[in-house]
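Engineer:
Protein chains: 2
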Amino acid sequence: MTARGKRTVRDLRRGSRSILLRRVYFDGPISRQELGQSTGLSAGSISNVTAELLADGLLEECGSVESDGGRPRILLRVPPGRARLVGVDVGETQVRVALFDLALTELAASDHPLTDGGHDVGQVVAAVLGGLDEVLAGTDPATVLGVGIGVPGIVEQGDPAADGHGIVVHSQTIGWDAVPLGRLLRAGTSLPLYVDNGAKTLGQAEMWFGAGRGARHAVIALVGSGVGACVIVDGARFRGATSSAGEWGHTRLHVGGRRCRCGARGCLEAYVGAAALVKCWGRAPAGADDKAGLAALLGAATDGQQAAVELLDEAAEYFGAAIADLVNLFNPERIVIGGWAGLLLGPRLLPGIRRSAARHALRFPHAQTSIELGTLGPDAVTVGAAALPLSHFLDSGGDLTQR
Amino acid sequence: MTARGKRTVRDLRRGSRSILLRRVYFDGPISRQELGQSTGLSAGSISNVTAELLADGLLEECGSVESDGGRPRILLRVPPGRARLVGVDVGETQVRVALFDLALTELAASDHPLTDGGHDVGQVVAAVLGGLDEVLAGTDPATVLGVGIGVPGIVEQGDPAADGHGIVVHSQTIGWDAVPLGRLLRAGTSLPLYVDNGAKTLGQAEMWFGAGRGARHAVIALVGSGVGACVIVDGARFRGATSSAGEWGHTRLHVGGRRCRCGARGCLEAYVGAAALVKCWGRAPAGADDKAGLAALLGAATDGQQAAVELLDEAAEYFGAAIADLVNLFNPERIVIGGWAGLLLGPRLLPGIRRSAARHALRFPHAQTSIELGTLGPDAVTVGAAALPLSHFLDSGGDLTQR
DNA sequence: GAGCCTTACTTCACGGCGTGATCTAACTGG
DNA sequence: CCAGTTAGATCACGCCGTGAAGTAAGGCTC
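As they're listed, the protein sequences go chains V and W. Residues in the first sequence are numbered consecutively from 554, following our numbering. Residues in the second sequence are numbered consecutively from 554, following our numbering.
1) Name the residues in the segment 797–809 of chain V whose C-beta lies less than 9 angstroms from a C-beta of chain W; which are they?
2) Mind listing, in chain order, the continuous beta strand (DSSP E) runs of no fewer than 3 residues lying wholly within the segment 569–618 of chain V?
3) Can you tell which of 802(V), 944(V), 667(V) has the C-alpha that lies nearest to the C-alpha of residue 579(V)?
4) May I ask you to verify whether the segment 927–946 of chain V touches the segment 817–833 of chain W, counting CB pairs closer than 8 angstroms and requiring at least 3?
5) Nearest chain V C-beta to residue 828(W) closer than 9 angstroms, yes or no?
6) Identify which residue in 604(V), 903(V), 747(V) has its Cα closest to the Cα of residue 960(V).
7) Could you check whether the segment 879–891 of chain V touches the segment 787–803 of chain W, counting it as contact only if at least three pairs of C-beta atoms, one from each stretch, sit closer than 8 angstroms?
8) Measure the Cβ-Cβ separation of residue 934(W) and residue 642(W) and say whether it is below 9 angstroms.
9) Contact defined as beta carbons within less than 8 angstroms: I believe residue 951(V) pairs with residue 609(V). What is the distance between those atoms, to the nearest angstrom?
10) Go through its chain and collect everything with a Cβ distance to residue 830(V)'s Cβ below 7 angstroms, but skip five positions before and after it.
11) Under the rule that 16 or more other beta-carbon atoms within 10 Å means buried, what is residue 757(V), buried or exposed?
12) Taking 7 angstroms as the limit between beta carbons, can you name the residues of its chain near residue 708(W), skipping five residues before and five after?
13) With 9 angstroms as the limit, tell me which residues of the segment 869–903 of chain V have their beta carbon closer than that to any beta carbon of chain W; keep them in chain order.
14) Residue 806(W) to residue 913(W), Cα distance in whole Å?
15) Is the Cβ of residue 947(V) closer than 9 angstroms to any Cβ of chain W?
16) Is the beta carbon of residue 670(W) sitting closer than 9 angstroms to the one on residue 645(W)?
17) Going by DSSP in three states, residue 621(V) sits in which element: helix, strand or coil?
18) Kindly indicate which three-state DSSP category residue 560(V) falls into: helix, strand or coil?
19) For residue 782(V), which residues does DSSP report across the bridge?
20) Going by Cα to Cα distance, which pick from 875(V), 928(V), 917(V) is closest to residue 906(V)?
21) Residues in the same chain with beta-carbon distance under 6 angstroms from residue 589(V), minus the five sequence neighbours each way, listed in chain order, please.
22) Going by DSSP, name the residue or residues bridged to residue 729(W).
23) Against residue 959(V), what residues of chain W qualify as contacts under a CB-to-CB distance less than 7 angstroms, listed in chain order?
24) Is the Cβ-Cβ distance between residue 772(W) and residue 889(W) less than 9 angstroms?
25) Under a CB-based cut-off of 9 angstroms, is residue 941(V) close to chain W?
26) From the DSSP secondary-structure annotation, give me the bridge partner or partners of residue 666(V).
27) Residue 909(V) lies in the beta strand (DSSP E); which residues open and close that run?
28) What does the Cβ neighbour count give for residue 752(W), buried or exposed, with the cut at 16 atoms within 10 Å?
29) With H, G and I counted as helix, E and B as strand and the rest as coil, what does DSSP make of residue 756(V)?
30) Of all the CB atoms in chain W, is at least one closer than 9 angstroms to the CB of residue 705(V)?
31) I'd like to check one pair, residue 652(W) with residue 637(W): are the Cβ atoms closer than 9 angstroms?
32) Specify, as a first and last residue, the run of the alpha helix (DSSP H) that residue 943(V) falls within.
33) Can you find at least 3 beta carbon pairs, one from the segment 761–777 of chain W and one from the segment 897–906 of chain V, that sit closer than 8 angstroms?
34) Return no unless some Cβ of chain V is closer than 9 angstroms to the Cβ of residue 819(W).
35) Closer than 9 angstroms, CB to CB, is residue 726(V) near chain W or not?
36) Could you tell me whether the Cβ atoms of residue 632(W) and residue 612(W) are closer together than 9 angstroms?
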């Protein structure tokens, strides 16, 4: 109830810059004329603000298009090379650091394997900072808008004014308890830092560039070894009071049901997560990881093996029921199923999931929702991570000084 | 992505008026000095805007307070009598219409019983319009900011510019399928109409005047014959894509579990709703309604009757598990348990609910949440309904012409 | 190819905004 | 009664978006 909305007239200009920049960025080359129609700003303001953005190099003219016998419309776009972004995917097996241009085309990347499943914070920090040095070699740091980092855990953002020092990460699975990741990374780089849960960054990527495009309310359901979700409310990632919203994997689907690796019983993850499925099946090749095990399970089901078929049918039933809960609670326009296991299972399970969701959800909200597979693949975590500084950049109206 | 944020400089003033008005309304008599500190506006602007609001009669000076040897601070408040509000509770057994002043003090009320459980839309509309005539007798319609209506069902808001004509209600329980309530009421009154789900209006009341005060992220869980929820995100009711968000009663807690009156199995409502509890217990006095039946069940448990004790223990266990899901998914600061059955059961079940929620929820988000009972009682639906036009009024910065 | 029409974009006067410096009001303490 | 102190009012300033008027840049007609 304190600093709500914009205060001074200068903030109005920031807002206008932001709206125009966003529109040009996402709606590709576009003319001033169309910008006026779709944003509602007057032609005078459009002209004024675009001139400012052109002078800042944040927009450039690129060709023109005829207009019914009148003066042709000049097309505008955001020059992809105007600035750079870094996206980091901190996984349990490796750290991947990638450098992007503004169009999110990958310019360089660096992989650092982790030897202990990500438990050692020092090793992770060293991998991130080392990767940064590699991908930024020969790049002017002043052109880098920031570093976005997706981590497997709950991220407390702390005070945004503290330059990242307040960022703290909690993760039960890799044993991080209140790790001050922001402060640790700040010691090795002066670039702006943006940290969020990896599922949320992947969700952000699907929303901007994948199956979520155009939706204002959506849930991206992520299935890997475990299960997570990224809830999008009004176009923005929903965080809740302390950024842990969307922890979907341990939703209670069956009180007193199958034992989950979290210790409780009847969690969604115990029925749909790759780790649980492979373990429950029990016939994966010895020494295979979750990915290979799940592939073997799918293969067995395709061959018609009873146990595998039943296990996957049950997974679809439970997954559909859990999605129905999301539909009832969040009333989204779209549910997107992603994550490596989700994409692997999707083609086989999707019809069953849809049937189950239809049976378990309330009719009205269910009729408003479509359930689809993600289109970006699991490697989009880095893209989504890079979208964090990009989002800040667009929100700020292209303020390069603030960084 | 179209009309985001405010456009012209005049909207800035509307925003300032709104912020100041809200602050004075909720934080009681308050001085310009304090307003400046808490809103961040400059003293000049405060002076300017409050002068405007004083001239409009939306603020009045009321006494003063000493200030360390200097000029005393003059206190400001919103004159409760400046305008009126109407709140309507459309229940399954009756329609209650109440007239309030700006402080939400009830000035008049009118109850109209329904003979068929609310199925006949015509009867409901007649009751609402009749009640309006009664409570507004002798009141200048120009001083009434609007009529807020809480209904048992999903409310599609339609186009806000359509003057309420777009408001459509869906309710499986009372057999309303796409009832154009807005258009039907518009035929009988020209006052501004605001319609929302009754659970959401009660939630709004708890947030503003009850157990939810001060929280920005909260869930008000409502237990009556059925179970519903009102999700508050960033201080506002969360609606989702088509206003049906928060349908919590049919969350799947036990796939294949106890049969629910919605036809599915294992819904939360089948374990916690008053109707299900009474039916499952099976020893309520013949002819008793849900309320009397639940009271009897509670009495039996207090007397130590085994079946009743076990049923309530199980209800607490399932209720806690469902609340844990809310905690994981929404990460609220506070969970408030309300509704007539929730308030009846609360004193006995709360400890068990808290234990169950602690066991089922993830540690981190659970540590951020408190679970409490509502403080307003079930009759607050009309108050919450009246809060709908009030909220619009405050948002608009006290624009009486817009109505 | 010259004039004219159409459409896209630019320029500019205007009313309005919040800020911050400065001024006035109101009360206390000696 | 007068200085000290704090609350609130006033006002010049820089900036904003609007909308009307002006300019640029094409096609079309004769």
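Positions of the beta carbon are idealized from the N, C-alpha and C atoms, including for glycine.
Structural biologist: Based on what the coordinates show:
1) 797, 798, 799, 800, 801, 802, 803, 804, 805, 806, 807, 808, 809
2) 613–618
3) If you number the first sequence from 1, residue 579(V) lands on position 26. Nearest of 802(V), 944(V), 667(V) to residue 579(V), Cα basis: 944(V).
4) no
5) Numbered from its first residue, the second sequence carries residue 828(W) at position 275. By this cut-off, residue 828(W) is not an interface position.
6) Only positions 554 to 956 of chain V appear in this structure, which leaves residue 960(V) out of reach.
7) yes
8) Here the question's residue 934(W) lines up with position 381 in the second sequence. Here the question's residue 642(W) lines up with position 89 in the second sequence. Closer than 9 angstroms, so yes.
9) As a position in the first sequence, residue 951(V) is number 398, starting the count at 1. As a position in the first sequence, residue 609(V) is number 56, starting the count at 1. The pair is a contact, with the Cβ atoms about 6 angstroms apart (cut-off 8 angstroms).
10) Within the first sequence, the letter at position 277 stands for residue 830(V). Here the set comprises 847, 850, 864, 868.
11) Indexing the first sequence from 1 puts residue 757(V) at position 204. Buried: at least 16 other Cβ atoms inside 10 Å.
12) Within the second sequence, the letter at position 155 stands for residue 708(W). Excluding sequence neighbours, residue 708(W) sits near 720, 722, 748, 749, 750, 796.
13) 870, 871, 874, 875, 877, 878, 879, 880, 881, 882, 883, 884, 885, 886, 887
14) Position 253 of the second sequence, counted from the first residue, corresponds to residue 806(W). Position 360 of the second sequence, counted from the first residue, corresponds to residue 913(W). Distance between the alpha carbons of residue 806(W) and residue 913(W) is about 12 angstroms.
15) The sequence position of residue 947(V) within the first sequence is 394, counting from 1. For residue 947(V), the answer is no, since every Cβ of chain W falls outside 9 angstroms of its Cβ.
16) Taking the second sequence and counting its residues from 1, the one referred to as residue 670(W) is at position 117. Taking the second sequence and counting its residues from 1, the one referred to as residue 645(W) is at position 92. In contact: residue 670(W) and residue 645(W) (Cβ atoms closer than 9 angstroms).
17) In the first sequence, residue 621(V) corresponds to position 68, counting from 1. Looking at residue 621(V) - three-state DSSP - the assignment turns out to be coil, as it is neither helix nor strand.
18) Here residue 560(V) corresponds to residue number 7 of the first sequence, with the count starting at 1. DSSP places residue 560(V) in coil when its eight states are reduced to three.
19) Your numbering for residue 782(V) matches position 229 in the first sequence. 774(V).
20) For this step, residue 906(V) is matched to residue 353 along the first sequence. Of 875(V), 928(V), 917(V), the residue nearest in Cα terms is 875(V).
21) Counted from its first residue, the first sequence places residue 589(V) at position 36. Excluding residues within five positions, the ones whose Cβ falls inside 6 angstroms are 596, 599.
22) As a first step, residue 729(W) is located in the second sequence; it is residue number 176 there, counting from the start. According to DSSP, residue 729(W) bridges with 724(W).
23) A query on residue 959(V) cannot be resolved here, the shown segment of chain V reaching from 554 to 956 and no further.
24) Start at 1 with the first residue of the second sequence, and residue 772(W) comes out as number 219. Start at 1 with the first residue of the second sequence, and residue 889(W) comes out as number 336. Yes, they are a contact pair.
25) Mapped onto the first sequence, residue 941(V) falls at position 388. No, no contact with chain W.
26) Here the question's residue 666(V) lines up with position 113 in the first sequence. In the DSSP output, where bridge partners are listed per residue, residue 666(V) has 647(V).
27) On the first sequence, residue 909(V) is found 356 positions in, with the first residue counted as 1. Here residue 909(V) belongs to no beta strand (DSSP E); instead the alpha helix (DSSP H) covers 893–913.
28) Stepping through the second sequence from its first residue, residue 752(W) is reached at position 199. Flag for residue 752(W) reads buried.
29) Mapped onto the first sequence, residue 756(V) falls at position 203. The answer is helix: DSSP assigns residue 756(V) an H, G or I state.
30) Against the first sequence, residue 705(V) aligns to sequence position 152. No, no contact with chain W.
31) For the purposes of this step, residue 637(W) is identified with residue 84 of the second sequence, where counting begins at 1. For the purposes of this step, residue 652(W) is identified with residue 99 of the second sequence, where counting begins at 1. In contact: residue 637(W) and residue 652(W) (Cβ atoms closer than 9 angstroms).
32) For the purposes of this step, residue 943(V) is taken as residue 390 along the first sequence, with counting starting at 1. 934–948 is the span of the alpha helix (DSSP H), which, as asked, contains residue 943(V).
33) no
34) Here the question's residue 819(W) lines up with position 266 in the second sequence. Yes, because at least one Cβ of chain V sits closer than 9 angstroms to the Cβ of residue 819(W).
35) Here the question's residue 726(V) lines up with position 173 in the first sequence. With 9 angstroms as the cut-off, residue 726(V) does not count as an interface residue toward chain W.
36) Start at 1 with the first residue of the second sequence, and residue 632(W) comes out as number 79. Start at 1 with the first residue of the second sequence, and residue 612(W) comes out as number 59. The answer is yes: Cβ separation under 9 angstroms.
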